[in-house]
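Presented below is the structure to which this report refers.
Number of protein chains: 2
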Amino acid sequence: MIKKNLTINGVPRTLIVNEEDRLSTVLRESLFLTGVKVGCGEGQCGACNVILNDKLVRSCVTKMKRVPDDAAITTIEGVGTPDNLHPLQASWMVHGGAQCGFCSPGFIVSSKSLLDETPDPSRDEVRDWFQKHKNACRCTGYKPLVDAVMDAAKVMNQQMTPEELSFKLPDDGRIWGSKYPRPTALAKVTGTCDYGADLGIKMPPETLHLALVQAQVSHANIKGIDTSEAEKMPGVYKVVTHRDVPGKNRITGLITFPTNKGDGWDRPILCDEKVFQFGDAIAIVCADTLKNARAAAEKVVVDLEPLPEYMSAPAAMADDAMEIHPGTPNVYYIQKIQKGEDTGPCFDAADVVVEDDFYVGRQPHMPIEPDVGFAYPGENGRLTIHSKSIGLFLHHAMIAPGIGIEPEKLTLVQNPAGGTFGYKFSPTMEALLGVAALATGKPVFLNYTWYQQQTYTGKRSPFFINLRLAADKDGTLQGMESDWTVDHGPYSEFGDLVTLRGAQFIGAGYHIPRIRGEGRTVCTNHSWGSAFRAYGSPQSEFASEVLMDMLAEKLGMDPFDLRLKNVYRKGSTSPTGSVPESLSLPEMFEKLKPKYEAAKKAAQQSSNDAFKYGVGLSVGVYGCGLDGPDSSQVKVCLNPDNSVTVFNSWEDHGQGADSGSLGTAHEALRPLGISPENIHLVMNDTSRVPDSGPAGGSRSQVVTGQAIKAACEMLMGAMRKSDGSFRSHDEMKQENIPLEYTGSWTAPATNCDENAQGNPFAVYMYGVFMAQVCVETATGKTRVDKMTAVADVGKINNRLTVDGQMYGGLAQGIGLALSEDFEDLKKHSSMMGAGFPYIKAIPDDIELMYVESPREHGPFGAAGVGELPLTSPHAAIINAIYNACNVRIKRLPATPDKVLAELKKM
Amino acid sequence: MIKKNLTINGVPRTLIVNEEDRLSTVLRESLFLTGVKVGCGEGQCGACNVILNDKLVRSCVTKMKRVPDDAAITTIEGVGTPDNLHPLQASWMVHGGAQCGFCSPGFIVSSKSLLDETPDPSRDEVRDWFQKHKNACRCTGYKPLVDAVMDAAKVMNQQMTPEELSFKLPDDGRIWGSKYPRPTALAKVTGTCDYGADLGIKMPPETLHLALVQAQVSHANIKGIDTSEAEKMPGVYKVVTHRDVPGKNRITGLITFPTNKGDGWDRPILCDEKVFQFGDAIAIVCADTLKNARAAAEKVVVDLEPLPEYMSAPAAMADDAMEIHPGTPNVYYIQKIQKGEDTGPCFDAADVVVEDDFYVGRQPHMPIEPDVGFAYPGENGRLTIHSKSIGLFLHHAMIAPGIGIEPEKLTLVQNPAGGTFGYKFSPTMEALLGVAALATGKPVFLNYTWYQQQTYTGKRSPFFINLRLAADKDGTLQGMESDWTVDHGPYSEFGDLVTLRGAQFIGAGYHIPRIRGEGRTVCTNHSWGSAFRAYGSPQSEFASEVLMDMLAEKLGMDPFDLRLKNVYRKGSTSPTGSVPESLSLPEMFEKLKPKYEAAKKAAQQSSNDAFKYGVGLSVGVYGCGLDGPDSSQVKVCLNPDNSVTVFNSWEDHGQGADSGSLGTAHEALRPLGISPENIHLVMNDTSRVPDSGPAGGSRSQVVTGQAIKAACEMLMGAMRKSDGSFRSHDEMKQENIPLEYTGSWTAPATNCDENAQGNPFAVYMYGVFMAQVCVETATGKTRVDKMTAVADVGKINNRLTVDGQMYGGLAQGIGLALSEDFEDLKKHSSMMGAGFPYIKAIPDDIELMYVESPREHGPFGAAGVGELPLTSPHAAIINAIYNACNVRIKRLPATPDKVLAELKKM
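Sequence order for the protein chains is A and B.
Numbers in this note's numbering are just positions in the first sequence, counted from 1, shifted up by 475.
Numbers in this note's numbering are just positions in the second sequence, counted from 1, shifted up by 475.
In structure tokens form, the structure reads like this:
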């Protein structure tokens, strides 16, 4: 232990620290400067950036012994405060720089350091700086961040006034359709937004720190678990194993399809008989400090009998493969699709047939914030669990029987989440916390390392797709035959659903009169399949969108023309046989056409032997909602000061649940003339809000939005007087009129039948993507120079939020296309190893265009947005690579080595 | 556990808390808002004041379940920040409102709340507010705080500009003699100064929390200590008893006088064979949290054999009293005084003789901050202990053998201290921390409750004095006979020294040609005697100053005239036979004379049957230094930027060691033309600074000040070129001239001989005090209406600091006179129970006058200051009570019941 005298944010401080402690730990845990966020913990994300003696450092890899005595340190808390914002913070808010906001403090501190050195940087200098300092953002696609720095610099250089940079409310007071900054932005840009890890370290001192004992193999029988040595370690309160779980010790898939051969109870909370995948939790050490918990976890002895590890669907489908879950076949669910007449005759008669195999792999979500949560017992056996859950009521039902608590005694709360992108559809953390809190009777806190985040949360499920298309010689699609195999890892949770998505979205966007196909869900020992933005469609549409390009080539048509010919028009039906609710795709293509022509021309002119330029297209379609009659409930309440509070469980991944709720409620309540500041949001606490369903499938703006609208209309109905004016709160009280109203809405949709036919979604999103790439022939390295997206997400609630979702989704599409993977448990376990896209991987030139066709079943015409930009942009990039250099990558990601190998074959 | 959504300093926060937790705990430990100080922890001091929904509350007694959800809370951190001060904070700095500074955040938050309600208050409204809200200050005498609020209000009401309120450097750049705000003021008024409890909760998470097992009786044999149940309690690492102490387990008095019958090794760190006083530490429970440590401490079983409890000196001196320390008589030290001829003949021949018995009791120090500290092991067996120690090098030697560590491996550091007033001359906390850290190998943290502070730290040693004075009929003193008995509690630590003080200061200030007397130190079972401001003189001078009034009455002289006749003049000698170094007392009396006459007249005119007014006087004298050749060392260093760093161990009680060091160094270095900002202070860490001795006996400004001057002169000597100009750092380096110089200074003084004759102090402080009181005849209640002090503390270094010391010392004198006591272990164990003086007990009218006679042996003519104002002001008050109503209280404190009883006798 050493004493350090430091000046922190201008204030002299004396600190007693361990020499080996990280600066980030000291700043966070010894000074509660929790604006210093710890993401990767390995110096790869920059969330922990602080300025140390005028130099930007990653505090998570700066040991205290390396911090000079009397050093000056600036954290986000020293850059500016909520009532005294730095121009960078103000600019971050106005440009939507904070989505989940977890990276914002690190980026802003980094930007301050840049502007200290270079007061008037170019956009490229900003990008180079963020690249050099490894500032990683997973939400924004970086462009808004560069915009924010440029405008902040202008304000600081007196080239722009602070007023010019601020949001201006339109004259009509309407925020619907505007760029109203999200309500949580202020807290996010000032470092005062407390995420799970921040709240966790602010828990009372009796809180126990948890460390997991995890499997280091992917498949084994458990012969014994010996916790005796661990229990003797200093600071240990209890080592929790499956023996301490009073419930069924299973996380249930809950909505398992009837034809699923499993029963949905296959996932242990704490492994009892078997290990099913690498990282599986076997025991939880509960101790007074994290160090003690981790040291004791090392002492738990697990006696394992190794079993064959089936690390992909083909391996698990082999004849000699054992059943991973004894009693349930490894292929445990079959999904058929049958639309229209049999495809056999049409394929026989078709002018052109194309066929190929495609593979989209185990894309990792890679939020900057690793998974985190805490739980605490309350009075009368109550248990409250805080986590990043994006399905609070769903998870409540999924975990209560497993941990062994009466449902009415369990409360789930969502903390501000530093990005989920879908992985938090799985309630792993929640169940572990619940078990530990019940077993100890104490508050408990668990914060994954980023390695644990990567290796022990669900991943996008790989699809192996064989696809055939038949067309007339004029390019009119006649039929499609599909075969898809879904590697869903060891746990069945929603595995049937994602397999159904193959039926719904392979070939989506095009009228294909005849479809036959079969998909299957396969149990393996690789990471379990979880929800991931655009769930099922990036795999499905990759196959059909690349195959469409191959068909165009075979037909000698421009891929643009082939698509335009076949996209939904009057009379078209989707793969599920339903009539599209919006027929805007032709208009979108027309909008894109001049840009496409220019891009093609530029690519041809630019290409040379060293660098090949190309342009690619894709169509993206995704449904808004869970299948069938999806519903939400929302409560509103009129307050004594005539403000209105909206209560819902619109969970926030970072996508903007606050912005969505506020914008929708404000639009609904406009007859009252209420200002946005007078609409309060109470969100995401099952003890306080009604069930608005999970935040997945781009359902929230549509389904929860409609429920907000319904609730607001009920309230206004009660407030309305005979002359059309509205009663005040006091008048309502006087007349004894209730002040609270719960609105609900159910989508007018039907579940698909056994052949995947039906009308599963009342509202869809549509997009056309264009990628412009450059391939370096010497290395096979692909650079995306520009992405253009034309989107129809209905009427836009908040433009800042929608733009942000589009930028961020496209960036993840680029990652999916070129670099991201989680196949190799070692190599892919870090951000850099897994191909996380830093700023230089994402073009600064991203162009967004909207066709706002109002949706009948969306509130004020809105559809969802979050998942559209990740449906198929990777297909456009792959098509562009082919256009550039005749290399067709059908197994993602298109890493330089793969492209180079193909180039060498020529 | 409950979830609370609160807006704290304008920022929305979610917190998970125990319902029973105190708001102060949550703000401090869950949000690290350590500007919220916890003093008494019982709602009696206001240090923890915060504003909760526009209402001032004491957060230490506000349970979380009583904090409404969505409440808004403002702490000092939300009032203003170091770079954006609130006018109250700026005003606090300029008026010297922060001495120790521990109460400052609470006072400033309280003042903000007042000004929010009453923007333009009168001084009385400010005083009423602080009284109502129990804002307690032990350092400042409150007047500077009222001044600060009044000026802050003026700034806020635009009646004064912020510039008018700020300190202005004189044109010559000289800060010596100015009101330059103390360097630590900014941190203190903004709540960013981290005291021991603040640093403790910012320690790494492996830090163990300590709870003491303490004796609940005052005298007993220990038959057994059973820790087995405690060791099984949750979170317990170790229960440390005397068996775990590798050293001698004793705190040594170190400088025990040769004729002391004890050996100075009587004080156990952890009791082994006996309990000697209430609160004695028997075991230390080391656990992960404070709650767990305290719960386990309850389970330690101590088997005690009760022994007779000797709770005062007379009881311990009884013939049948057993030896408290077997082998050492209870009367263990005798101090004689013999000055001049035998007193017998002169008493026989004297015109007038007066004699009486006097008692000054166990005054408690009552700092707002209870004792606190922490310790941590380092590499190679090093141990560092942080505490409030005001004698770092002294304590180092006092505890090293007892805890069993090689001296070179032990470092002591002083934390910012929230007031000590001398009690921290005893290294109790330090030894306990050292033992616990060594026994566990872990960092450890111990924070007393205020109850522990009061019951288990040393107190002023009661003196029982019989005194006789003989005088001519013209009032010339002829002789004095004294007998004094010192109740020093069970531990001998410096008991001989304080007994010597009786010889040195009974009758001080007057030329008394013949003195005979004997004092004795008695071991008892009440609280051990520790240092306390003015050490020994308030007891000694109370007797002689009250007896002087009795003599004046008997002579028919005005007490003013009697004093003036006898004070030191040319030819006078002190009780120790030395020649006073300053003969300013007659001048001081002349200065006071018109005020005294006016006060007498006003008292006579105001008195009526219900309220009697009176005026009283006293003379105060105290020596600056430890007896004899006291010395200090100080290092200075020239830095690369040509700034200078001063290294010393001038410990800070709150008196202003920073101000003293800076002012002296700046005056010494003025030939360099250096600005105060370019003088840095490194203080109070035995691993970094030389031994400047303890901060006691008003020695620091003189002895350490001279060492600062010497070191600075050595540096300047090395820097000086032949032409009289000075070398820069770079020039020194080029010429290979050393940059560091250690200066030392030793007082030209001699230790007293066995008859207390000698020249023990090179420099003294002198004062004349005048009290104006009002006694309510119906209740006996005394109110001090005004205090006037004329002080000669030599040339004044910092006027703000000196004024502050004067105000604060006088306030403690008022407390000593009227209310303060620690006799009853139950009744006197809280601030209110022990008679802590709140603002309405201290007059707003305090007048200070200085006679700045330069001291030959003080740096730049300065003497000390801190102890002068507590030498005898209580005697002036007691004399004023007599003047008002003919009641002479000779046994302090003069509580209403005592005065009323005397009034009733008339």
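Cβ atoms here follow ideal geometry from the backbone N, Cα and C, with glycine treated the same way.
Residue i: first and last residue of the uninterrupted beta strand (DSSP E) it sits in
i	result
residue 1240(A)	1239–1251
residue 1093(B)	1086–1098
residue 981(A)	Looking at the DSSP string, residue 981(A) is not in any beta strand (DSSP E), and its letter there is neither H nor E.
residue 852(B)	847–852
residue 480(B)	477–483
residue 939(A)	938–946
residue 1215(B)	1215–1221
Residue i classed as buried or exposed, judged by whether at least 16 other C-beta atoms fall within 10 angstroms
i	result
residue 691(A)	exposed
residue 838(B)	buried
residue 509(B)	buried
residue 1094(B)	buried
residue 862(B)	buried
residue 566(A)	buried
residue 1212(A)	exposed
residue 644(B)	exposed
residue 586(B)	buried
residue 1050(B)	buried
Residue i: first and last residue of the uninterrupted alpha helix (DSSP H) it sits in
i	result
residue 1022(A)	1012–1030
residue 1079(A)	1060–1081
residue 590(B)	579–592
residue 566(B)	562–569
Three-state secondary structure (DSSP) of residue i
i	result
residue 878(A)	helix
residue 672(B)	helix
residue 642(B)	coil
residue 743(B)	strand
residue 535(A)	helix
residue 815(B)	coil
residue 1144(A)	coil
residue 524(A)	strand
residue 759(B)	strand
residue 1202(A)	coil
residue 1317(B)	coil
residue 810(B)	strand
residue 1382(A)	For chain A, the structure presents residues 476 to 1381; residue 1382(A) sits outside this window and is missing.
### Query
Enumerated in chain order, which unbroken segments of the alpha helix (DSSP H) with a length of 4 residues or greater are wholly contained in the stretch 1121–1186 of chain A?
1132–1143
### Task
Pull out every residue of the stretch 733–766 of chain A whose Cβ sits closer than 9 Å to any Cβ of chain B, in chain order.
762, 763, 764, 765 and 766
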